[in-house]
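In my numbering, the protein residues as written are 23 to 706. Heads up, the beta-carbon is just placed ideally off N, CA and C, and yes, glycines get one too.
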């Protein structure tokens with residue numbers, strides 16, 4: 023595998039192009055198309071789409087039926103066809119073509135000296151500013167071949183162009199109005215297997231039409247689990263009665279990959295890398311996608327014809343033309359992040375409300391350590407009581423210091439509980455832990471500094487043993503605090519430990535999102551509008567601390583126990599978790615994406631409020647190391663996830679609950695994943 027090559031990881035580079043049009047001058051227009059095509063070839067683009075009727079100009083009315091114009095279009099096509107021999111890029115250009123006794127408004131697909139096919143416009147607008155039926159015949163019933171430039175080529179809206187050397191690249195073409203009808207040709211093509219949908223548009227601009235186009239393109243890409251590549255006519259089109267903005271954009275499964283400025287001076291191209299693996303995985307998961315095809319009685323072999331071509335994509339590092347989020351669970355946009363936090367917080371709060379309401383309004387028993395997870399679970403519990411009209415004293419919070427608990431974390435747990443007004447108590451678990459270690463004949467009982475898994479889990483288990491018995495004693499339920507990332511990595515004590523509770527309120531929230539949820543709680547004034555209030559002050563302090571389980575005592579001169587030193591940086595592990603859980607990607611692709619996202623701290627966007635001092639970079643060797651740790655821990659820990667308590671799914675990225683999302687056997691082998699990682703990801 024050529025690790026640094028985007029095509030090797032299931033990407034295909036596409037371009038939506040708009041060009042200055044010379045009205046009724048096919049030779050000039052063909053020259054501009056070819057100039058752009060050569061640049062796109064050099065840029066490694068596999069497929070490029072140009073505007074509707076770009077060889078003739080769209081707004082030329084009855085000139086479309088002039089022999090001189092039509093002959094000029096054929097000459098322009100011939101020039102493009104001849105020059106394309108040396109170009110890797112599939113060129114899709116708009117042209118009026120005479121078929122039989124009628125004109126068709128078509129997209130001509132040209133590649134390496136061949137015309138692969140002609141896709142006619144199915145639906146002709148003839149309302150408001152449009153008069154296309156004056157010149158053109160509808161192309162929806164065209165199914166056959168046409169002789170063009172001396173060769174017989176497929177003609178029809180039923181053509182899918184499939185690359186035989188870029189796995190998964192299957193292209194369908196429709197023209198302008200085709201996407202505005204209730205059942206567009208592209209929707210049927212998507213059901214037949216097309217995943218890159220092209221639209222050549224003229225689309226004169228009026229106020230707010232650009233937003234309408236975005237809405238339709240985004241919707242089409244989302245519903246069809248496809249990439250939708252759109253281009254509109256721009257500079258040079260006749261302004262006799264209309265104006266043009268040259269809008270280009272590409273959406274993938276509802277996400278905007280790129281767009282160009284509108285009303286440009288000169289040619290513009292949105293060049294992006296479409297993730298073909300993502301589209302395949304989305305269709306694989308969403309079985310109703312193919313059920314829809316079956317329900318409509320569509321048989322791809324009967325309804326659509328496939329035309330095969332070879333891209334011969336470039337080798338080596340060609341970069342990656344798409345944004346890769348460092349934190350796929352955390353948006354970079356401030357407004358979007360605030361909305362996500364609002365929704366996540368309220369999903370948790372209302373989930374807990376419903377559970378308490380359904381089982382007779384018990385009290386809530388929770389262990390608080392002063393760390394991120396228990397802090398967030400506590401403020402969720404407090405808000406649930408507020409919404410239920412119950413006193414916050416019905417939340418019983420316990421801090422249970424062990425052998426490594428620091429005075430700072432305990433102090434924060436105490437101050438937060440007091441600021442929220444919950445019932446609070448401290449229980450020192452050390453005497454019970456020492457007794458249990460003696461009963462186990464553990465070396466620590468004889469004075470040895472043996473801080474092994476037994477030493478750690480005696481403390482973790484005792485804490486939850488106390489919590490469950492306290493819940494019995496006080497008429498409550500134990501509220502779990504463990505998060506999605508810990509469950510994925512198995513960083514939790516099974517059974518009577520933090521893996522278990524009566525309700526796991528954080529189980530659907532990744533570690534990288536929890537800090538933003540707490541920050542949002544402060545900023546949105548959930549408990550106080552005063553940033554310097556006691557509750558907001560301690561929440562701010564908690565955000566700044568190191569993530570540690572505080573189970574192993576720190577000797578003088580040593581660094582305190584660090585969770586991330588053992589399981590890896592949560593930033594990288596949550597990145598991997600998202601792409602495993604939501605996308606099903608192979609390890610080498612995850613490594614490729616992680617390297618692009620993380621190898622330069624100064625490049626790309628960071629979530630709002632992310633501290634400057636924590637903005638780091640990871641080289642490929644580091645990415646590879648922790649990815650291997652993730653794979654090993656993820657497979658080894660499924661038994662913990664199979665026995666999860668109830669808890670709400672929060673992120674569209676998924677959850678570890680076998681009822682809410684993820685299911686796998688506990689005895690599955692990680693060997694194939696580790697082998698793929700070892701084979702395809704360089705060590706440095």
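Per-residue burial, residue i [other beta carbons within 10 Å of its own, 16 or more giving buried]
{"i": "residue 107", "result": "exposed"}
{"i": "residue 169", "result": "exposed"}
{"i": "residue 596", "result": "buried"}
{"i": "residue 388", "result": "buried"}
{"i": "residue 151", "result": "exposed"}
{"i": "residue 706", "result": "exposed"}
{"i": "residue 604", "result": "buried"}
{"i": "residue 8", "result": "Residue 8 falls outside the range modelled here, since the chain spans only 23 to 706, and no answer is possible."}
{"i": "residue 721", "result": "Any property of residue 721 remains undetermined from this structure, which presents the chain solely from 23 to 706."}
{"i": "residue 261", "result": "exposed"}
{"i": "residue 205", "result": "exposed"}
{"i": "residue 323", "result": "exposed"}
{"i": "residue 517", "result": "exposed"}
{"i": "residue 439", "result": "buried"}
{"i": "residue 282", "result": "buried"}
{"i": "residue 381", "result": "exposed"}
{"i": "residue 295", "result": "buried"}
{"i": "residue 660", "result": "buried"}
{"i": "residue 364", "result": "exposed"}
{"i": "residue 475", "result": "exposed"}
Candidates the options, of which the one nearest residue i by Cα
{"i": "residue 436", "options": "291, 229, 564", "result": "564"}
{"i": "residue 245", "options": "295, 195, 308, 534", "result": "308"}
{"i": "residue 606", "options": "192, 686, 450, 25", "result": "686"}
{"i": "residue 337", "options": "144, 696, 661, 29", "result": "29"}
{"i": "residue 469", "options": "460, 202, 491", "result": "460"}
{"i": "residue 651", "options": "489, 44, 634, 700", "result": "700"}
{"i": "residue 536", "options": "569, 518, 514", "result": "569"}
{"i": "residue 657", "options": "512, 292, 93, 644", "result": "512"}
{"i": "residue 12", "options": "660, 185, 227, 561", "result": "Any property of residue 12 remains undetermined from this structure, which presents the chain solely from 23 to 706."}
{"i": "residue 259", "options": "641, 155, 56, 40", "result": "40"}
{"i": "residue 230", "options": "177, 218, 284", "result": "284"}
{"i": "residue 313", "options": "342, 214, 249", "result": "214"}
{"i": "residue 426", "options": "160, 297, 411, 450", "result": "450"}
{"i": "residue 376", "options": "358, 357, 346, 407", "result": "407"}
{"i": "residue 502", "options": "383, 85, 374", "result": "374"}
{"i": "residue 611", "options": "683, 279, 642, 174", "result": "642"}
{"i": "residue 590", "options": "634, 567, 648, 492", "result": "648"}
{"i": "residue 189", "options": "208, 172, 216, 82", "result": "216"}
{"i": "residue 559", "options": "541, 35, 574", "result": "541"}
Per DSSP, the bridge partner or partners of residue i
{"i": "residue 418", "result": "387, 445"}
{"i": "residue 499", "result": "386"}
{"i": "residue 142", "result": "128"}
{"i": "residue 176", "result": "167"}
{"i": "residue 184", "result": "192, 330"}
{"i": "residue 271", "result": "252, 281"}
{"i": "residue 133", "result": "136"}
{"i": "residue 295", "result": "35"}
{"i": "residue 70", "result": "37, 113"}
{"i": "residue 290", "result": "40"}
{"i": "residue 158", "result": "125"}
{"i": "residue 197", "result": "222"}
Range covered by the alpha helix (DSSP H) that runs through residue i
{"i": "residue 487", "result": "475-496"}
{"i": "residue 409", "result": "394-410"}
{"i": "residue 52", "result": "48-64"}
{"i": "residue 235", "result": "231-245"}
{"i": "residue 363", "result": "356-380"}
{"i": "residue 644", "result": "642-658"}
{"i": "residue 620", "result": "609-620"}
{"i": "residue 695", "result": "693-702"}
N-terminal and C-terminal residue of the beta strand (DSSP E) that residue i is part of
{"i": "residue 524", "result": "Taken as a continuous stretch (DSSP letters only), residue 524 belongs to no beta strand (DSSP E), as it is neither H nor E."}
{"i": "residue 558", "result": "Where residue 558 is concerned, there is no enclosing beta strand (DSSP E), although the alpha helix (DSSP H) it sits in stretches over 556-565."}
{"i": "residue 220", "result": "218-222"}
{"i": "residue 120", "result": "112-121"}
- Item | Segment contact, 8 Å Cβ cut-off, at least three pairs: the region 396-411 with the region 366-382 | With three or more CB-CB distances shorter than 8 Å, the region 396-411 counts as touching the region 366-382.
- Query: Does the region 654-674 come close enough to the region 508-523 that 3 or more CB-CB pairs lie under 8 Å?
  - Reply: The region 508-523 vs the region 654-674: in contact.
- Task: Spell out a yes or no on whether the region 669-678 and the region 529-549 are touching, meaning 3 or more CB-CB pairs, one atom from each, closer than 8 Å.
- Result: Taking a cut-off of 8 Å on C-beta distances, the region 669-678 touches the region 529-549, as three or more cross pairs fall below it.
- Query: Do the region 116-133 and the region 188-199 touch if we need at least three Cβ pairs shorter than 8 Å?
  - Reply: The region 116-133, when compared against the region 188-199, does touch it at the 8 Å Cβ threshold.
- Task: Please confirm if the region 272-289 is in contact with the region 222-242, defined as three or more CB-CB distances below 8 Å between the two stretches.
- Result: Counting Cβ pairs under 8 Å, three or more are found: they touch.
- Task: Could you say if the region 542-553 and the region 618-625 meet the contact criterion of at least three C-beta pairs nearer than 8 Å?
- Result: No: fewer than three Cβ pairs fall under 8 Å.
- Message: Would the region 175-189 count as touching the region 86-96 if we require 3 or more Cβ pairs under 8 Å?
- Response: The region 175-189 makes no contact with the region 86-96; the number of CB pairs closer than 8 Å stays below 3.
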